[in-house]
Structure formats: structure tokens, C-alpha cells
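Undergrad: Residue numbers (the numbering used here): 2 to 159.
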Amino acid sequence: MNDIIKILQQNARISNTALGEMLGITPEQAAEEISKLEESGVIRGYSVILDDDKYDKSAVHATIELKVTPQRDCGFDDIAKTIMMYDEVESVSLMSSGAYDLAVEVKGSNLKDVAFFVSERLATIDGILSTSTHFILKKYKEKGIFIDDEEPDERGLG
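Have a look at this one:
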């Protein structure tokens, strides 16, 4: 199971035949294992990793740190669920550091859209005490995939 997941994380479009060859199982067994992972909820979906410099140069990504007052009987869950419903939001994570409580990854079509989202939507949610927005200038690697066309410089590794 772990081997299938590792392979799919690198290439979710791999054929069942190729997956089976890599794992020493039949294509039918590979398909069955993937179905089990999907049905059990281990695999929640598949996505495409884009190079926005080539696809949509105007796209803006930001990480927004939120300081939040936990709600009685549900902690941070209700606030996180409210935030998750916005289309701009790509991910929401509960953090363990004392500096902030939730990290929100957002994507907008320009800086103004992200600023509007923070000031008019996030900041107005009950329980949010403060926000800190960090605009992402360039992505080098995402989900284990190199975004830049250049091979990484490995001279300092070892």
C-alpha cells in the first residue's frame, strides 16, 4: 500500500500496467488496490501541479497566518470549516506553534483580490484575532515536484 501511494504521489496518471510492473503485481491487482484506497478515503483526490509562470502569470499565492480564539466545544474546527468554504482557499492547517493557530493557503487572480479576501472575508469572521499575510514570490518545488525547469544544484548536498 505504501509503495502504491508513493508512486501515485509522483505520478497519479501512471497506468495500472506500469504500476503493476513496478510493484510485481498484475494491472488488475493495481487497479483493485487503488480502488480500495479511494473507497477507504486514504486517497482523497488527484490534482495537477502547475507552473503559474507558464500557465497564469497573474496568479497570486499567499500564506495567511491566523491568530484565533478557539470556540467552546469545537476548538478551531468551526472556524477552519468556515474558511475552507471560500473558493480562494487551497488549504487550511492547524499549527502547533504559539505564534499563530491556523495557516491558510490562498490563490487569487491578483494582489488586490487576495488583499480583499483577507480584509473583507477572513478578518470579519468571529474568533479571528489577527492575520499576517505572506505573498509567495516564486515556487521552486511543490508536492515533491520541481517547478523550475533547471535541475537542482546538488554541489552542497551530501
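Idealized CB from N, CA, C, for every residue including glycine.
For clarity, every value in this text was computed on a predicted model and none was experimentally measured.
What residue range does the beta strand (DSSP E) around residue 44 cover?
TA: Against the sequence shown, residue 44 aligns to sequence position 43. Here residue 44 belongs to no beta strand (DSSP E), and DSSP marks it neither H nor E.
Undergrad: To which residues does DSSP link residue 148 through a beta bridge?
TA: Taking the first residue of the sequence shown as position 1, residue 148 is located at position 147. According to DSSP, residue 148 bridges with nothing at all.
Undergrad: Going by the beta-carbon positions, is the gap between residue 68 and residue 9 smaller than 8 Å?
TA: Your numbering for residue 68 matches position 67 in the sequence shown. Your numbering for residue 9 matches position 8 in the sequence shown. Against a cut-off of 8 Å, the Cβ pair of residue 9 and residue 68 comes out as no contact.
Undergrad: Among 3, 127 and 114, which has the Cα closest to the Cα of residue 63?
TA: Mapped onto the sequence shown, residue 63 falls at position 62. Checked all of 3, 127 and 114; the closest Cα to residue 63 is 114.
Undergrad: Under DSSP, the alpha helix (DSSP H) around residue 103 begins and ends at which residues?
TA: Mapped onto the sequence shown, residue 103 falls at position 102. Careful: residue 103 lies outside any alpha helix (DSSP H), inside the beta strand (DSSP E) at 103–109.
Undergrad: Give the secondary structure of residue 142 by DSSP, where H, G and I count as helix, E and B as strand, and everything else as coil.
TA: Within the sequence shown, residue 142 is the residue found at index 141, counting from 1. It is a strand residue.
Undergrad: Where DSSP assigns a beta bridge to residue 137, which residues make up the other side?
TA: In the sequence shown, the residue the question calls residue 137 occupies position 136. Paired residue(s): 62.
Undergrad: May I ask you to report which of helix, strand or coil DSSP gives residue 130?
TA: As a working note, residue 130 is residue 129 in the sequence shown. Three-state result, residue 130: strand.
Undergrad: Please work out which residues of its chain come closer than 7 Å, Cβ to Cβ, to residue 23, disregarding the five sequence neighbours upstream and downstream, and give them in chain order.
TA: Here residue 23 corresponds to residue number 22 of the sequence shown, with the count starting at 1. So the list reads 8, once near-sequence residues are dropped.
Undergrad: Using a Cβ-Cβ cutoff of less than 6 Å, which residues in the same chain neighbour residue 27 once the five nearest sequence positions on both sides are dropped?
TA: Translated into the one-based positions of the sequence shown, residue 27 becomes position 26. Answer for residue 27: 21, listed in chain order.
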